[in-house]
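I have placed the structure first, in the form of structure tokens, so that the comments after it can refer back to it.
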Amino acid sequence: MKTKFYITTPLYYVNAAPHIGHSYTCIAADCLARYYRNLGLKVNFLTGTDEHGQKIQRAAEAQGLEPKVFSDKAVSVFKKLWETLDISYDDFIRTTESRHEKIVQKVLEILYKKGELYEHIYQGWYCTPCETFWSESQIQAGNCPDCKRPVEKIEEKNYFFKLSKYQDWLLDHIRSHQDFIKPASRREEVLKFLELNKLSDLCISRPKERLSWGIPLPFSPDHVTYVWFDALINYISAAGTFDKDDKYQSEWWPADLHLIGKDILRQHAVYWPIMLKALDIEPPKTIFAHGWWMINADKMSKSRGNVVSPIEMAEKFGVDVYRYFLLRDVPFGSDGNFSEEAIVKRFNGDLANDLGNLLYRTLTMIEKYFQGEIPDASINLKNKRAVEIEAKIKALDSGIKVNMGENDYNFSLALEPAWELINLANKYVEDTKPWNLAKENKTDELKEFILVLVNVIRKTSDAIYPFMPQTAESIKQQIGKNKISKGKPLFPRIE
């Protein structure tokens with residue numbers, strides 16, 4: 139039986155302010171971490187920042203700062219955002235921390251001793267924004283094939299990791315482990331890439347004379363570690379150590395889930411498992427690459443000037459509304475189109491008309507008919523609709539588990555049964571017409587009716603807690619144990 143859950147986000151690069159994509163991954167990870175903690179599992183939710191490389195060095199120079207000072211400032215912005223968005227991470231790792239640097243150097247030492255690294259003169263094209271080398275055949279009109287920005291020609295002595303040696307192993311592993319890469323479309327993408335291309339060995343160093351900001355190679359002080367090789371190691375540097383025989387020891391590894399954006403799939407699904415294989419460490423169980431949030435079908439980017447600030451959205455609509463929208467509006471794994479109009483639609487529909495309305499009208503009836511006291515809980519359900527709703531309440535956990543459980547992570551579908559229950563309860567109010575029960579002095583029927591609604595609200599509040607923790611807490615406080623404490627409507631409609 140599963141007793142623990144180790145979930146990670148990518149390390150966020152600190153060269154620019156956090157945007158909606160960063161918040162999407164962290165909110166999804168937080169939702170799963172809270173869900174599994176609620177099930178009684180021991181959870182390790184890791185996030186952090188990637189702080190080395192040429193982009194950081196140049197961004198720091200542009201501000202007249204040392205790279206570490208620049209990084210410290212940027213990290214405080216990320217941490218403040220996670221606090222605002224109620225992200226309940228267990229560990230935050232920075233690639234500039236000594237615990238990480240020690241493990242990176244240990245990994246390099248082990249691979250060097252095993253003959254997995256070799257020195258070679260590299261000649262080719264380099265893209266600084268992507269921190270990637272490209273061959274003559276890969277560049278497009280003098281530009282990087284990924285970001286379309288200009289590349290520069292470089293010739294230098296570097297260290298290479300024998301990535302190509304493990305191509306067949308990786309293909310076999312992906313084919314024999316259906317859940318290793320999710321969703322299925324991303325799995326097919328990686329398989330197709332590996333089947334149609336011969337892997338090149340990975341350049342894992344940069345000369346210090348060109349780039350000083352990085353972790354030095356233990357066997358070559360004139361070189362620093364390539365930022366991607368350095369950053370991927372965070373997943374093990376945060377979770378364990380190597381013993382005297384170079385064996386990795388960790389209570390958490392293998393990770394249950396690496397959550398990433400689809401743009402960094404190749405690094406996670408190709409480089410990372412091969413690095414682990416060369417170290418004799420088991421691969422992670424699942425790598426899940428979610429989609430992008432677009433603006434008018436365009437990818438968000440600083441150059442296009444269409445980046446959405448998560449802080450602004452949370453301030454404008456509320457933290458839980460922002461969380462709910464991101465997790466509800468599109469299936470996790472697909473691209474979504476972000477707009478304030480779409481948030482308002484979800485707000486007025488799902489949150490104001492459905493959930494908020496059910497809570498407020500129920501509390502108002504308890505005030506009106508029972509002086510704010512929740513009726514005695516010992517009821518014998520006679521009403522057919524009440525029996526049907528109680529059955530739905532009992533089935534809610536399993537309905538959510540189907541989509542939140544192992545390897546599915548479909549947040550949008552996981553929320554469906556909760557809203558089916560809320561809508562059923564709202565219809566129950568309209569059909570039952572409780573004011574008539576009160577007029578006719580049908581006290582037992584009215585008690586049964588109110589208790590069914592209270593049960594729906596309590597169960598729904600538990601169900602939405604991982605998605606909307608502050609809302610769930612507010613509902614619990616208002617519904618109380620025996621006496622209600624009615625506040626203002628949770629979600630007043632936006633006109």
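Position 77 of the sequence shown, counting from 1, maps to 215 under this note's numbering, and the rest follow consecutively.
Yeah, the Cβ is synthetic: ideal placement off N, Cα and C, and Gly gets one too.
This structure is a prediction, so every number in the text was calculated from the model and none was measured.
With DSSP as the reference, label residue 345 as helix, strand or coil. strand
Using 8 angstroms for Cβ pairs, my map puts residue 482 next to residue 474. What's the rounded Cβ distance? Wrong, their Cβ atoms sit about 16 angstroms apart, outside the cutoff.
Can you tell me whether residue 237 is buried or exposed? The criterion is at least 16 other CB atoms within 10 Å of its CB, across all chains shown. exposed
Only counting the same chain, and skipping five residues up and downstream in sequence, which positions put a Cβ closer than 8 angstroms to that of residue 269? 191, 192, 193, 364, 365, 366
Could you check if residue 601 is buried or exposed, using at least 16 other CB atoms within 10 Å of its CB as the buried criterion? buried
Work out the CA separation of residue 615 and residue 219 for me, nearest whole Å. 26 angstroms
Taking one C-beta from the stretch 374-394 and one from the stretch 408-420 each time, how about it: are there three or more such pairs within less than 8 angstroms? yes
If I measure Cβ to Cβ from residue 234 and keep anything under 7 angstroms in the same chain, skipping five residues before and after, which residues do I get? 189, 206, 209
In three-state DSSP terms, what is residue 410? helix
Does the distance from the CB of residue 130 to the CB of residue 375 come in under 7 angstroms? Outside the modelled stretch of the chain, which goes from 139 to 633, sits residue 130, for which no answer is possible.
Taking the continuous beta strand (DSSP E) assigned at residue 186, which residues delimit it? 180-188
At 3 residues or longer, what runs of the beta strand (DSSP E) sit wholly inside the stretch 344-428? 358-363, 395-399, 425-428
Sorted by chain position, which residues of the same chain lie with C-beta nearer than 7 angstroms to residue 627's C-beta, five sequence neighbours on each side aside? 494, 498
Separation of residue 461 from residue 606, as counted between CA atoms: 7 angstroms
Report all residues from its chain with a CB closer than 7 angstroms to the CB of residue 562; omit the five preceding and five following residues, and keep chain order. 527, 530
Mark residue 165 as exposed unless 16 or more other C-beta atoms lie within 10 angstroms of its C-beta, in which case mark it buried. buried
Short check: CB of residue 583 to CB of residue 575, under 7 angstroms? yes
Can you pull the DSSP bridge partners for residue 261? 293
Helix, strand or coil: which one does DSSP assign to residue 430? coil
Rounded to whole angstroms, what's the CA-CA distance from residue 173 to residue 294? Just pull it up for me. 49 angstroms
Where residue 267 falls: helix, strand or coil (DSSP): coil
Which same chain residues end up closer than 7 angstroms to residue 186 when comparing Cβ atoms and leaving out the 5 residues on each side of it in sequence? 149, 230, 231, 232, 372
Nearest-angstrom Cα separation, counted from residue 296 out to residue 543: 44 angstroms
Suppose the cutoff is 7 angstroms on Cβ atoms and the five residues either side in sequence are ignored; what does the same chain contact list for residue 132 look like? The shown model of the chain, from 139 to 633, leaves out residue 132, and the question about it has no answer.
Counting C-beta neighbours from all protein chains within 10 Å, is the total for residue 195 16 or more, i.e. buried, or is it exposed? buried
Locate the alpha helix (DSSP H) running through residue 208, then write down its first and last residues. 205-222
For residue 337, name the three-state secondary structure that DSSP assigns. coil
Have a look at residue 619 and residue 161 and give me their C-alpha separation to the nearest angstrom. 34 angstroms
Using the C-alpha atoms, what's the distance from residue 202 back to residue 500? 59 angstroms
Closest Cα partner of residue 354 within the set 437, 243, 250, 198: 243
First and last residue of the beta strand (DSSP E) that includes residue 143? 142-151
By how many angstroms is the C-alpha of residue 357 removed from the C-alpha of residue 291? 26 angstroms
Quick check: what's the CA-CA separation for residue 145 versus residue 549? 16 angstroms
Is the CB-CB distance between residue 181 and residue 171 below 7 angstroms? yes
How would you call residue 259, buried or exposed, if buried means at least 16 neighbouring beta carbons within 10 angstroms? exposed
Helix, strand or coil: how does DSSP classify residue 629 here? coil
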